[in-house]
Each structure stands twice: as C-alpha cells, then as structure tokens.
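*Asks:*
Residue numbers (full-length UniProt numbering), protein chains in the order written: chain A, 1 to 366; chain B, 1 to 346.
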C-alpha cells in the first residue's frame with residue numbers, strides 16, 4: 001500500500017511541478033530581443049527615453065542597439081552594415097529613430113536602403129486623436145496603409161528631349177495584391193470594420209485600375225470586413241470636413257504619402273504620430289517619422305511621444321497587448337494632465353522630466 | 001503672352017456664352033444662375049449644349065467643344081464621363097485651373113481667415129493618360145513634365161498674383177523624390193520668380209503642404225503646382241472653407257475660358273431636391289462676368305451672395321443649415337433689388 005501511496009504522491013508531485021513550470025513560463029513571458037536603431041540628432045535621447053519607460057513597465061523586451069550608416073559593399077553597391085542586417089534578420093522586429101539624409105553624400109537615403117534591404121512593403125500609420133493635445137479635429141481614429149515599394153516612387157525618370165521629362169509610375173499585380181491582402185488582414189486582426197481603397201482609376205485607368213482590381217479581389221476573400229472605394233480627391237475633401245467617417249485606408253505610394261501626412265496633421269503632426277513598416281519574411285520596423293531636429297539635439301528638449309507610440313504599436317504587433325495598453329495610457333494621461341509636457345506640446349518641461357512622469361505613472365499602475 | 005481677352009460683345013452689347021448643364025445637380029444650379037442673371041439684366045445669352053452622359057458619343061463631345069470654341073466662354077455643370085477634365089482641358093488647351101478659397105464670414109469652419117489662390121497646371125503631369133502594360137501584371141503610367149508648360153503655368157501664377165496684389169507664391173512639389181520631373185517644374189518656377197522681385201517665392205513638398213494646410217492654412221497666399229497635387233490641394237482647401245458647395249473654379253487657356261464649381265462632384269444623390277448649395281455655381285457665374293469685363297454685375301451678385309451667407313437660416317444642408325436652394329436664390333435676388341439697380345420682374 002505504501003508503495004502505491006508513494007507513487008501516487010510522486011505522480012501528483014510531478015503533475016504539480018509541471019503545472020508550476022507552465023505557470024512560471026506564462027507569467028515571465030519570454031524576453032524578446034528587438035533591434036534598436038537610435039538614429040541621428042534627437043534619436044539617441046528619445047531612444048533612451050523609450051528604453052527607460054519600457055523598463056519601468058517591466059516589458060519583456062531586450063534591446064540590441066545597432067547603427068545604420070551606409071557602407072559600400074563588395075561590388076560597389078551601397079548597403080547597410082552587415083551586423084545591423086544580421087540583427088534584424090534574427091530578431092525580425094526593429095524600432096528606429098530618425099535618420100538624417102545627407103544631401104549629395106553619394107549614397108541613397110538610409111530609409112530607402114532599409115526599405116529595399118528588408119522589402120518593407122507596407123507603411124502603416126494609425127492616426128488617433130490625442131486627448132489633451134487639442135487640434136481642430138477631434139475623434140480622429142483611422143489607419144493609413146500605404147504601398148511602399150513601387151508606384152510613383154519607382155525612381156525611374158528620363159529626359160526624353162531637352163525640356164520634356166517623363167516619370168514612370170509602376171503598378172504591379174504582385175505588389176498591389178500583397179498590400180491589399182495586408183490591409184484586410186490588418187483590419188481583421190485589429191477589429192477594424194471597413195477598408196477603403198483610395199485611387200484615381202477614373203483618370204489612370206490601367207494603373208490604378210489594376211490596384212483597385214486587386215483590392216476588390218482581396219475584399220472577396222475577407223467578407224467580414226466592409227470594402228469601399230473612393231477617389232483620392234473626394235477623400236481629401238471629406239477628410240478635412242469629417243475625418244470620423246474613415247477607418248482603414250489602403251492606397252498606392254504617392255497617395256499614401258500625401259494622405260498619411262495629412263492625417264498626421266489632423267492629430268497634431270509628426271511629433272506625435274507612430275508608424276510601422278511591414279516587410280517580407282515577418283520583418284517589421286517601427287519608427288518615428290519626424291526629422292532629426294538637429295537644432296534641439298542634445299539639449300534634453302525632444303519629445304519622445306512619436307517613438308514611444310511606435311514602440312507601443314510594436315508591442316501590439318508582438319501580441320503584448322497588456323504592456324502596450326499600460327504604456328500608452330501612461331503616455332496619454334501625462335499629456336492630458338498638462339503639467340509635464342515638452343515644448344512642442346505647449347509645455348516647458350524637459351524630455352527627461354516628461355519621461356520620468358510617464359515612468360512614474362506606469363509604475364503606479366501596477 | 002497676353003492675358004486672355006474676352007470675345008467682343010456681339011449684337012447690341014450682349015455676350016453669348018456656352019452653357020453645358022451636365023448631370024446631377026448641374027442643370028438645377030445652372031437654371032438658378034440664369035434666373036439670377038435674367039433678374040439682374042445681365043447682358044449674357046446662353047447657348048445650351050446638352051451632353052447626356054448616358055447617350056454620350058464622340059459627336060456630342062465634339063459639338064460641345066465646338067460650341068465652346070465658337071463663343072470662347074463656357075459655364076458648365078458636372079459631367080462624370082464627358083469632358084472628363086483632361087479631355088476638354090487638353091483639346092481646348094485650358095492650361096490653368098484657378099481656384100480661390102476664401103473663408104466666408106457667415107460659415108462655421110474649423111479654420112478662419114483662409115484666403116488662398118490655387119493655380120494648377122491642367123494639361124499634363126500625371127493626367128497625361130499615357131499608360132501601357134508591357135509585361136502582363138506590370139503597368140506603367142507616364143507622368144510628363146515639360147519646360148514649356150511649367151514656364152507657362154508659373155508665368156500665369158505670378159501674373160495673377162501681381163494683378164491681384166498678392167505677396168507670395170508657393171510652388172508645391174515632390175522634387176526630393178521625383179528629381180527630374182518635379183525638379184524641372186521647380187526650376188521653371190524659380191526662373192519665372194526672378195522676373196517678379198516684388199513677389200516672394202518659396203516652395204514646399206506636397207506632403208508637408210497638406211499637413212500645414214490642416215493645421216495652419218492661413219500661412220498660404222498663392223500656390224502653384226502640377227496636375228495631381230493641384231487636385232489634392234484644391235480639394236483639401238475646398239473642404240477647409242466649408243465644402244464643395246461654396247467654391248467656384250475656372251479653367252483658363254490662351255483663347256478660351258470655362259467656369260464651373262471648383263470640385264468636380266456630380267451630386268447625383270441631391271439632384272432636384274432643392275437642397276443643393278447654389279453658392280459655388282453662382283460665384284462661378286460671377287467669375288465669368290468678371291472675365292467678360294462686366295464687373296458691376298459681378299460685384300453686385302457676389303455681394304448679395306455674401307450677405308445671404310451671413311444669414312444662418314439660409315444655409316443649405318451641406319454647411320449645416322436647413323435652407324433650401326430656392327430660398328438662397330430668392331434672397332440673393334431680393335438683395336440685388338434692394339440695392340436699387342435695374343431688375344426684371346421678380
């Protein structure tokens with residue numbers, strides 16, 4: 001009997017220990033490594049701010065810092081440093097600060113290099129009105145999804161004869177299909193009700209027509225999401241009168257460039273707008289889209305909100321919704337409170353003070 | 001290059017203008033324009049050309065274009081297919097699309113004190129309609145920028161700025177990406193600017209422009225740009241001042257001029273319900289009268305419209321009111337009459 005009792009107890013122990021193991025694994029959800037590219041100008045300071053806030057929130061993120069200055073690879077082609085590429089390929093997720101684009105440096109912009117290296121085909125910008133940062137537009141809640149590899153920015157231009165220039169806008173079936181599918185997947189994964197394709201197919205019948213066709217095909221495969229189409233000019237007209245009517249917008253490169261900046265303007269500008277770039281093979285780089293602000297670099301005056309909200313977007317992408325919500329709420333509460341705000345938000349606090357205020361709120365939430 | 005001279009008035013000092021009612025709310029609004037003109041004894045006769053979009057043929061379009069050529073001036077409603085802007089504008093060489101966006105004092109909008117003139121190149125750029133599919137699944141669309149047209153539109157912009165006493169011209173472009181195309185456009189603007197030292201010239205990238213427009217539109221004075229950006233910026237500005245029901249537009253060429261509402265929407269859903277806003281079309285009519293050098297009539301009708309706009313109860317649905325189209329038109333005519341000018345039977 002004792003033998004039976006002992007093995008019964010053992011069995012229970014084993015099960016209990018196994019249960020404990022699982023519980024431990026879940027609560028200490030594994031540390032994930034993310035490539036961090038601080039960037040230039042105010043990049044390093046706002047990156048430090050984000051890291052501090054993440055630490056205060058106990059987010060399971062380990063940062064791997066890398067620099068991306070263009071170097072000339074074998075064969076004379078410009079590329080990003082191999083250790084940066086290796087890190088991104090391994091980690092898949094990256095957070096990036098602003099990079100300066102030197103004029104006449106001989107190499108293409110770093111942003112372009114990154115885009116080409118990782119085939120970052122979708123630029124996603126959620127634009128949500130920030131309570132506490134007043135703009136003439138309230139209740140904005142939309143997402144712009146822009147095709148980022150082709151379209152008007154193919155870079156193919158020729159001088160036909162002296163005084164006549166031709167720029168080529170390229171629309172391919174493959175890229176259009178990819179972005180359309182992504183838009184609907186995004187809508188589904190983020191509980192968005194509708195997707196609107198923005199185009200000018202009445203004028204550019206073949207190119208935008210192809211884009212529209214692919215969107216319609218993707219809509220067929222995702223019937224749970226509502227699909228509408230709207231001309232670019234109508235979208236612009238309606239956007240400035242009533243932005244609440246829009247949900248997810250998907251469009252080719254140029255329209256996306258213009259509309260995403262227009263929407264950023266609605267909620268307060270590039271200093272508070274997050275952005276994410278989705279690439280092939282599961283790569284995703286989240287970035288702040290403002291400039292390097294060399295005039296305030298190193299003076300502890302920068303506003304880390306854009307980079308912070310991009311990092312929050314990154315957390316959501318990784319499935320860490322709890323931490324994302326916590327950090328986002330802390331950030332919005334601090335801005336709404338109006339006591340500690342950086343200069344561009346209308347206050348006169350330092351970047352470090354603003355960061356500390358958010359850290360304090362995050363800690364208080366636990 | 002001389003500014004367009006209006007055709008000489010024929011037959012006893014009266015002008016003949018081509019009228020193309022089109023679809024949607026076009027016919028209704030143009031009828032109101034004729035009503036107001038008749039009432040104010042404006043010396044203009046209208047030659048009506050119908051182009052029904054359902055039955056439209058090549059011949060119809062040619063007839064309309066010939067009619068515009070014959071009279072030199074046209075007032076048109078919206079047509080979805082016919083005269084899709086690029087077509088008329090190119091065949092009549094209406095190279096400059098001009099829109100004046102002004103905050104109207106009686107209309108509630110998020111931004112106040114907007115006064116922007118937008119000059120958009122109307123014949124080339126992205127709307128050249130040159131597309132081909134060399135490889136299946138890969139479509140190329142050509143955007144053409146030429147030195148001649150860029151110089152021409154820049155010249156027009158600066159000439160207009162000087163004429164209207166405006167201080168600054170801003171060129172909108174994307175030359176950091178489209179270095180050759182928009183680069184050429186920008187270069188032409190700079191060349192023309194050097195000939196107008198009294199006017200400040202600067203440039204702005206299109207995405208920044210839209211961001212600035214929704215936060216601080218008061219900083220803009222005169223803006224000049226290629227076709228597509230012009231489309232975007234015009235619509236943004238029209239939205240900022242209160243919507244498509246309030247803004248008139250004009251297309252100028254060397255020999256012809258066509259006037260219409262600034263944004264091209266047919267408004268099919270509100271047609272014939274007496275709820276459309278007649279302001280844009282009436283103001284387009286006034287722009288046309290100014291073009292025909294009938295300035296007194298233009299001013300009197302325009303002032304009557306602005307006075308009417310101050311009355312909230314006469315606002316139509318699109319600007320947040322409950323007034324009907326006819327109420328607005330009646331008010332305009334009543335105010336014209338009260339100013340003591342010669343009018344027809346009410």
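A virtual CB, placed ideally from N, CA and C, is assigned to each residue, including glycine.
Report the neighbours of residue 264 (chain A) on chain B: residues whose CB is nearer than 8 Å to its CB, in chain order.
*Replies:* The answer, in chain order, is 211.
*Asks:* Assuming residue 250 (chain A) and residue 197 (chain A) form a contact by the criterion Cβ under 8 Å, report the distance between their Cβ atoms to the nearest whole angstrom.
*Replies:* With a Cβ gap of about 6 Å, residue 250 (chain A) and residue 197 (chain A) count as contacting.
*Asks:* Rounded to a whole number of angstroms, what is the C-alpha to C-alpha distance between residue 220 (chain B) and residue 37 (chain B)?
*Replies:* Going from the Cα of residue 220 (chain B) to the Cα of residue 37 (chain B) covers about 33 Å.
*Asks:* When burial is assigned at 16 or more other CB atoms within 10 Å of the CB, is residue 90 (chain A) buried or exposed?
*Replies:* Residue 90 (chain A) should be labelled exposed.
*Asks:* Run down chain A in chain order and give the residues with a C-beta less than 9 Å from the C-beta of residue 18 (chain B).
*Replies:* Chain A residues near residue 18 (chain B): none, gap ~24 Å exceeds 9 Å.
*Asks:* Taking all protein chains shown into account, do 16 or more other C-beta atoms lie within 10 angstroms of the C-beta of residue 48 (chain B), making it buried, or fewer, making it exposed?
*Replies:* Under this definition residue 48 (chain B) is an exposed residue.
*Asks:* Got a sec: is the Cβ-Cβ distance from residue 331 (chain A) to anything in chain B below 8 Å?
*Replies:* Cβ-Cβ to chain B under 8 Å: no for residue 331 (chain A).
*Asks:* 8 Å is my cut-off, CB to CB: does residue 36 (chain A) come that close to chain B?
*Replies:* Chain B, which has no Cβ nearer than 8 Å to the Cβ of residue 36 (chain A), makes this no.
*Asks:* Contact criterion: CB-CB distance below 8 Å. Does residue 72 (chain A) meet it with respect to chain B?
*Replies:* With 8 Å as the cut-off, residue 72 (chain A) does not count as an interface residue toward chain B.
*Asks:* Could you tell me whether the region 253–268 of chain A touches the region 111–120 of chain A, using the rule of 3 or more Cβ pairs below 8 Å?
*Replies:* Touching, no, given that fewer than three Cβ pairs across the two stretches are closer than 8 Å.
*Asks:* Output the distance between the C-alpha atoms of residue 343 (chain B) and residue 132 (chain A), rounded to the nearest integer angstrom.
*Replies:* C-alpha separation (whole angstroms): 55 Å.
*Asks:* Per the DSSP calculation, residue 115 (chain B) is bridged to which residue(s)?
*Replies:* Bridge partners of residue 115 (chain B): B:102.
*Asks:* Residues of chain A with a CB under 9 Å from the CB of residue 99 (chain B): which are they?
*Replies:* Those do not exist, as residue 99 (chain B) stays about 12 Å from chain A at its closest Cβ, beyond 9 Å.
*Asks:* Taking its Cβ as the centre, do 16 or more other Cβ atoms sit within 10 Å of residue 182 (chain B), making it buried, or is it exposed?
*Replies:* Residue 182 (chain B) should be labelled buried.
*Asks:* Within 8 Å of any Cβ in chain B, is that where the Cβ of residue 258 (chain A) sits?
*Replies:* So yes, residue 258 (chain A) belongs to the interface.
*Asks:* Note down, in chain order, every chain A residue with its Cβ under 8 Å from the Cβ of residue 181 (chain B).
*Replies:* Near residue 181 (chain B) (Cβ distances below 8 Å), the residues of chain A are 157, 165, 166, 167.
*Asks:* If you check the beta carbons only, do residue 367 (chain A) and residue 191 (chain A) fall under 8 Å apart?
*Replies:* The shown model of chain A, from 1 to 366, leaves out residue 367 (chain A), and the question about it has no answer.
*Asks:* Report the neighbours of residue 127 (chain B) on chain A: residues whose CB is nearer than 7 Å to its CB, in chain order.
*Replies:* The answer, in chain order, is 203.
*Asks:* Here's a check: name, in chain order, each residue in its chain whose Cβ is nearer than 7 Å to the Cβ of residue 201 (chain A), leaving out the five neighbours to either side.
*Replies:* Excluding residues within five positions, the ones whose Cβ falls inside 7 Å are 208, 209, 212.
*Asks:* Shortest alpha-carbon distance to residue 199 (chain A) belongs to which of A:317, A:330, A:230?
*Replies:* Taking only the C-alpha atoms, the option nearest residue 199 (chain A) is A:230.
*Asks:* Given residue 108 (chain A), which residues of its chain have a CB within under 7 Å of its CB, disregarding the five upstream and five downstream residues?
*Replies:* The answer, listed in chain order, is 78.
*Asks:* Any beta carbon from chain B within less than 8 Å of residue 173 (chain A)'s own beta carbon?
*Replies:* Yes - at least one Cβ of chain B is within 8 Å of the one on residue 173 (chain A).
*Asks:* Would the region 300–308 of chain B and the region 251–268 of chain B be scored as touching if the rule is three or more Cβ pairs under 8 Å?
*Replies:* No, they do not touch.
*Asks:* Which residues in the same chain as residue 62 (chain A) place their Cβ atom closer than 6 Å to its Cβ, once the five residues preceding and following it in sequence are excluded?
*Replies:* If we look at residue 62 (chain A) and ignore the five residues flanking it on each side, its Cβ neighbours are 31, 33.
*Asks:* Is it right to say residue 161 (chain A) is buried, meaning 16 or more other beta carbons lie within 10 angstroms of its own, or is it exposed?
*Replies:* Result: exposed.
*Asks:* What are the boundary residues of the beta strand (DSSP E) that includes residue 231 (chain A)?
*Replies:* Counting along the chain, the beta strand (DSSP E) containing residue 231 (chain A) begins and ends at 226–231.
*Asks:* Quick one: is residue 68 (chain B) buried, meaning 16 or more other Cβ sit within 10 Å of its Cβ, or exposed?
*Replies:* Buried, because 16 or more other Cβ atoms sit within 10 Å of the Cβ of residue 68 (chain B).
*Asks:* Could you check what DSSP says for residue 326 (chain A) in three-state terms: helix, strand or coil?
*Replies:* Note: residue 326 (chain A) maps to helix in three-state DSSP.
*Asks:* Would you mind telling me which residues of chain B sit closer than 9 Å to residue 206 (chain A), beta carbon to beta carbon, in chain order?
*Replies:* Neighbours of residue 206 (chain A) on chain B, chain order: 131, 132, 133, 139, 140, 141.
*Asks:* Mind pulling the chain B residues with CB within less than 9 Å of residue 375 (chain A)?
*Replies:* Residue 375 (chain A) lies beyond the stretch modelled for chain A, which goes from 1 to 366, so this question has no answer here.
*Asks:* Would you tell me roughly how many angstroms separate the C-alpha atoms of residue 306 (chain B) and residue 140 (chain B), rounded to the nearest one?
*Replies:* In a straight line, the C-alpha of residue 306 (chain B) is about 47 Å away from that of residue 140 (chain B).
*Asks:* Taking 8 Å as the CB-CB cut-off, is residue 153 (chain A) touching chain B?
*Replies:* So, interface residue.
*Asks:* Between residue 99 (chain A) and chain B, is there a C-beta pair that is closer than 8 Å?
*Replies:* Not one chain B Cβ lies under 8 Å of residue 99 (chain A).
*Asks:* I'd like the span of the alpha helix (DSSP H) that includes residue 314 (chain A), first residue to last.
*Replies:* Its alpha helix (DSSP H) spans residues 305–317.
*Asks:* Among A:318, A:320, A:349, A:285, which has the Cα closest to the Cα of residue 301 (chain A)?
*Replies:* Out of A:318, A:320, A:349, A:285, A:349 has the C-alpha closest to the C-alpha of residue 301 (chain A).
*Asks:* Listing by chain order, which chain B residues have their CB less than 7 Å from the CB of residue 343 (chain A)?
*Replies:* Under the 7 Å cutoff, chain B gives no residues; its nearest Cβ is about 17 Å from residue 343 (chain A).
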